[in-house]
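S.K.: The structure that follows is given in the form of structure tokens.
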Amino acid sequence: MNHPHEIRPDLDQGIDRKELTKLRARFMQLNQGRRQRAMEGLSTRQQQVLTLLPLLFHVNHPLLPGYVSGSTPAGVSNFEPDAALIAEGQRLARSFTCKTRLGNPPRPIHGLFLMGSLGSLAQAEQSDMDLWVCHSPGLGEGPLAELRRKCQLLEAWADSMGAEAHFFLIDTEGFAQGERDSQLSSDDCGTTQHYLLLDEFYRTAIWLAGRTPLWWLVPDYQEHNYQAYTQTLLSKRFIRSQDDLDLGHLAHIPPGEYVGAGLWQLFKGIDSPYKSLLKLLLTEVYASEHPGVRCLSLDYKQAVFANRLDLDELDPYVMVYRRIERYLQQRGETARLELVRRSLYLKVNKKLSERGNARASGWQRKLLQRLADEWGWDERQLALLDSRSQWKVAQVAAERRELVAELNHSYRFLGQFAQHQGASSCADQRDLNVLGRRLYAAFERRAGKIEVINPGIAPDLAEDTLTLVQSPNRKEPGSHHWGLYHGNLGVHEWEHFSPIKRCRELLELLTWAHRNGVIDSSTRLALHPGTSDLSEFELFSLLGCLQQGIPLPLQPVSEARLLQPSAADEILLLVNVGVDPLHHHRDLNILMTTERTDSLSYAGVRENLVLTVDQVILNSWNEVLVQRFDGEHALLRCLRDYLNSLGQRSHRPRLRVRCFCHNRAQAISQRVEELFVTARQLLDQGAGHRYLVQVAQHTHVLELLPGQVTLTTLGDHDALLDHLGLPRTCYSPLHLDPQALQDHDLPLLLEQGLPECIQVFYRLLDGWADLYVLDEHNALWQQRLPLHDENHLLLPLQRFLRSVVMRHDARLALDSPQASLEIHYAQLLPSGPGKARSIEPRVVPNAGVDQPYYEVQAILQAGAQGEVHVTLYCDQQEFSELDHGDQLYEAVARQILGRRRSAGHYRCYITDLDLSELLDDEQGSTLLYLRYKRELEHALNLGLERLQALRPH
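For the sequence shown, the numbering used here assigns the number 2148 to the last residue and increments by one with no breaks.
This is the structure:
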């Protein structure tokens, strides 16, 4: 049904110039109403800025703000300042006069428009003035540069008057053709949004001076025929070209614009969700209607044509809300609609519960009250929203859940829309991926991550007074947890209240409270430490560390950092939080004066003073993560995870280690930091290194493999020897923590390892000798043997090693750059009992060519199911399992005994070993040969012992 005063111009039936004049008058009537509303919301000085802007763009005067030169483009189309405006200019510069220019000089400023929230329900004291300066096409680069400079000077002048203004130069002809090379509003996402920005312009713009939009005069039902319709208006002179400017139409919006607009609003919504929610939902509404979307600006234009000029109903924010409301009601999504209503209410920020407010009678408050009544909101609901500045944890956390759900919904909707419409360009897809990471970093929950509960919901969550309590966990008998309570509560008084937050570990709770601003530098804390050793000194020291390591507010995360995986920037290690190690090891109190004071192997009882490690990480995506390591091997597990987190990246986080327990805190933190720094330096040297650390009774080996660091914990000395004796495929440097294996001889030799070298170490004891070999890969072989003399100890080993080297060399080309393995000998001194103190090199043992010895060669072959078949050759005579079965070793021992000149109880030795079939023609390490040598010699000497036991004495 048509409105009685509706104007429906039609090309076929003819267009009435009087109707066009009426139309322009209606738009100007609305415009005047909005302009008046905008002025009401400004201070006197801000009103002065808005009033003077047309004059300042119309003239160039040296004493007026924005002056660049007399040749700067000036002159506003169809504009002549009246006496009141000239007087306003003279208030700034007494000598200012506005002379009428003779002839018809060019007026390159075609139009001045405010766009955005000014004059709308959402106008606030801090609202920006976004001014579009529409100029004639074809301005040269020089004049354009001067005009741009004038805008910058006017922005600075407006700022001095308390108005935040942004000026945007618009080439009307280029803009209508979709050309954009700059940001066109202070709330703009870049060059990808043209039509949606134009939609916002047409429904929010306030005309200040100059030509009026040609779009005003085209009926909404002719939008698809815009070019032909406007051409007819101009060619048949229904309108004069100098009266109107053409920025284009809204007949079709490319789907990619919804993606771009949604991405931008989501990006902003992460930190300020209320401000972005309405635009996000409007984007969703538009996208859901694509390709048949009808923009709000067309509804606005249709209302003017129909003479429905109610300022409230045509308010830009009311129109946005009505469209979203209709969409959500049709979908039955009442919870989302309620969130939209809250967002609009908080965006407007006129507190309806404050009846006595002197400014409470304004039009915005009245309009908002009508909406709130329509929504059925009561005084309690209004009071809750109006107290947002006092909202604390519980209310903020509840609101956050809904906001995060909405942002995630929008992200999923955008992704699905882009995929369904084929609407995302490579740039959009990249932006979607980056935005996904922003959302993940801001809102995704995962183990150890500190949840940020206040993304722009309330201005301040800080509490004046809190009580921190450790109490038994009734649901897990034997365990405790920490709780944070409002106010200063006495002993057991807290039991009658619900905590703000409860965590298993203290540091997680403190980090949460700091990251969310619940505890700040002015918060007073009462402490009930329960069974812990936490003191007030330690508590406030911990909070100080958190404030230093996570300085709030955090700097925004750059896109470049989001394109990369997250990496730690700051790592804070807090040792023994709430735990005093000497309370847990009371027998240590009597050992405080002992010589050994290493924190990892303390006193004569070798106790580890590092009982717990709490790790706090601030990473490159501004995520804060907390992890606790406790138990017997807490420190080394923490060290392993730290090294693994560094990976192959060149980026290295800042590491800080702190300890505030009552006893030996400084020594503990210093010792732990030294350990971590040394391990990181080894990692920086490249893969392949091993780091051996002694903690209490256990030895730990960290192996720095390519892309991974492994940890092996060894219980005793034998387990360590077994581990160090595992075959390796390449040279691996071994580094010892300075305090490791203090009671053993091993530290002297373990760090002597060299590549392409076989090193033999021996120590003479009382009737025994210890033999050690570090092979070319730095694997350790060790054997304890009866000692007759050095010659009988070393010569058999030298003969065997020489045969290993010969086999090694035989696999190399004669011109191979790889050198033959060298063999070196060294003696651990002093001999006899006690600990070795030094190493001295020794010459390679040499028996001379004329000294006879028994050659015993072994050949090993692979059988079925992993069996190994052994064939022995003694003085070139073959002894195999085929002939001798399980009597093989006794048969060879019998052969050796028969050839001996003396009846001394000398051991039998293998002098040569072939493993080629087992190794499948690969180059086996010397350690592998030595391990098989030891097994074979053990079997051979058992056979020898059985024979000697049967011989008559």
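The C-beta atom is built at its ideal place from N, Cα and C for all residues, glycine as well.
Please go through the same chain and pick out, in chain order, the residues whose beta-carbon is closer than 6 Å to the beta-carbon of E2112, but skip the five residues on each side of it.
M.R.: Hits under 6 Å: Q2056, A2057.
S.K.: Using a Cβ-Cβ cutoff of less than 7 Å, which residues in the same chain neighbour G2093 once the five nearest sequence positions on both sides are dropped?
M.R.: None.
S.K.: Give every residue of the same chain whose Cβ lies closer than 7 Å to the Cβ of K1545, excluding the five residues on either side of it in the sequence, and list them in chain order.
M.R.: Only Q1559, R1560, L1563 meet the Cβ criterion.
S.K.: Below 8 Å on the Cβ atoms is my contact criterion, and I expect G1455 with Q1388 to pass it. Report the Cβ-Cβ distance as a whole number of Å.
M.R.: Indeed, because the Cβ distance is near 5 Å, the residues count as touching under 8 Å.
S.K.: What do you get for G1773, buried or exposed, if any count of 16 or more other CB atoms within 10 angstroms of its CB means buried?
M.R.: Buried: at least 16 other Cβ atoms inside 10 Å.
S.K.: Please report the distance separating the alpha-carbon of R1699 from that of Q1822.
M.R.: So the two alpha carbons sit approximately 11 Å from each other.
S.K.: Between the C-alpha atoms of S1582 and V1588, what's the straight-line distance to the nearest angstrom?
M.R.: The alpha-carbon atoms of S1582 and V1588 are separated by roughly 13 Å.
S.K.: CB-CB under 6 Å to W1586, same chain, minus the five flanking residues each way: which ones, in chain order?
M.R.: Only A1653 meet the Cβ criterion.
S.K.: If contacts are defined as beta-carbon pairs under 8 Å, then A1404 and L1309 qualify, I think. What distance do you get, rounded to the angstrom?
M.R.: 11 Å between Cβ atoms; not a contact.
S.K.: Terminal residues of the continuous alpha helix (DSSP H) containing N1603?
M.R.: First-last of the alpha helix (DSSP H) with N1603: 1588–1616.
S.K.: Suppose you measure from the CA of G1369 to the CA of W1411; what does that come to, to the nearest Å?
M.R.: Those two C-alpha atoms are separated by around 19 Å.
S.K.: Taking P1338 as the reference, give the member of A1530, A1353, H1361, I1304 with the closest Cα.
M.R.: It is I1304.
S.K.: Short of 6 Å in beta carbon distance, which residues of its chain neighbour P1776, apart from the five on each side in sequence? Order them along the chain.
M.R.: So the list reads L1804, L1806, once near-sequence residues are dropped.
S.K.: Does T1924 pass the burial test, meaning 16 or more other C-beta atoms within 10 Å, or should it be called exposed?
M.R.: Answer is exposed; the Cβ neighbour count stays below 16.
S.K.: Which of the three DSSP states, helix, strand or coil, is assigned to T1529?
M.R.: DSSP places T1529 in helix when its eight states are reduced to three.
S.K.: How about the stretch 1491–1502 and the stretch 1512–1519: do they share at least three Cβ pairs that are nearer than 8 Å?
M.R.: Flag = yes, the stretch 1491–1502 and the stretch 1512–1519 touch.
S.K.: Determine the DSSP secondary structure at V1896, reduced to helix, strand or coil.
M.R.: Strand.
S.K.: Kindly indicate which residue of E1201, G1314, G2080, R1521 has the alpha-carbon position closest to the one of R1229.
M.R.: Among E1201, G1314, G2080, R1521, the Cα nearest to that of R1229 is on G1314.
S.K.: Between Y1424, L1458, Q1224, G1261, which has its C-alpha nearest S1443's C-alpha?
M.R.: Reading off the sequence, residue 1443 comes out as Gly, not Ser. Of the listed residues, the one whose Cα sits closest to G1443 is Y1424.
S.K.: If you run the structure through DSSP and keep just helix, strand and coil, what is H1200?
M.R.: In the structure shown, H1200 sits in coil (DSSP, three-state: anything other than H, G, I, E or B).
S.K.: Give the straight-line distance between the Cα atoms of Q1227 and R1640, rounded to the nearest whole angstrom.
M.R.: Approximately 51 Å between the Cα atoms of the pair.
S.K.: Is the stretch 1810–1830 touching the stretch 1756–1766, taking contact as three or more C-beta pairs under 8 Å?
M.R.: Yes, they touch.
S.K.: Between which two residues does the beta strand (DSSP E) harbouring E2017 extend?
M.R.: Run containing E2017: 2017–2024, per the beta strand (DSSP E) assignment.
S.K.: Specify the secondary structure class of C1740 as computed by DSSP and reduced to three states.
M.R.: Three-state DSSP puts C1740 in a helix.
S.K.: Please work out which residues of its chain come closer than 6 Å, Cβ to Cβ, to I1863, disregarding the five sequence neighbours upstream and downstream, and give them in chain order.
M.R.: V1770, S1794, L1804, C1854.
S.K.: Quick one: residues in its chain with C-beta nearer than 8 Å to the C-beta of Q1947, no 5 flanking neighbours on either side, listed in chain order?
M.R.: Contacts found: Q1954, F1956, L1969, A2021, I2034.
S.K.: How many Å lie between L1458 and N1603 at the Cα?
M.R.: For L1458 and N1603, the distance between alpha carbons rounds to 12 Å.
S.K.: Are the beta-carbon atoms of D1940 and A1829 separated by less than 8 Å?
M.R.: Taking 8 Å as the Cβ cut-off, D1940 and A1829 do not qualify as a contacting pair.
S.K.: Determine the DSSP secondary structure at E2035, reduced to helix, strand or coil.
M.R.: In this structure, E2035 counts as strand in the three-state DSSP scheme.
S.K.: Looking only at its own chain, which residues have a Cβ that is under 6 Å from the Cβ of D1932, when we skip the five neighbours before and after it?
M.R.: Only V1888 meet the Cβ criterion.
S.K.: With W1976 as the anchor, note down where its alpha helix (DSSP H) starts and where it stops.
M.R.: Taken as a continuous stretch (DSSP letters only), W1976 belongs to no alpha helix (DSSP H), being part of the beta strand (DSSP E) at 1975–1981.
S.K.: Can you tell me where the alpha helix (DSSP H) with G1228 in it begins and where it stops?
M.R.: Unbroken alpha helix (DSSP H) run through G1228: 1212–1235.
S.K.: Can you tell me where the beta strand (DSSP E) holding E1246 begins and where it ends?
M.R.: Glu is not the amino acid found at residue 1246; the sequence shown has Thr there. First-last for T1246: 1239–1253, but that is the alpha helix (DSSP H), not the beta strand (DSSP E).
S.K.: Buried or exposed: S1380, going by 16 or more other Cβ atoms within 10 Å of its Cβ?
M.R.: Confidence at S1380 is low in this model, with a pLDDT of 45, below 50, so the placement of that residue should be treated as unreliable; the coordinate-derived value is given next. By the 10 Å Cβ count, S1380 comes out buried.
S.K.: Beta strand (DSSP E) containing T1807: first to last residue?
M.R.: From DSSP, the beta strand (DSSP E) with T1807 extends over 1807–1814.
S.K.: Identify every residue that forms a DSSP beta bridge with H1930.
M.R.: Paired residues: Y1886.
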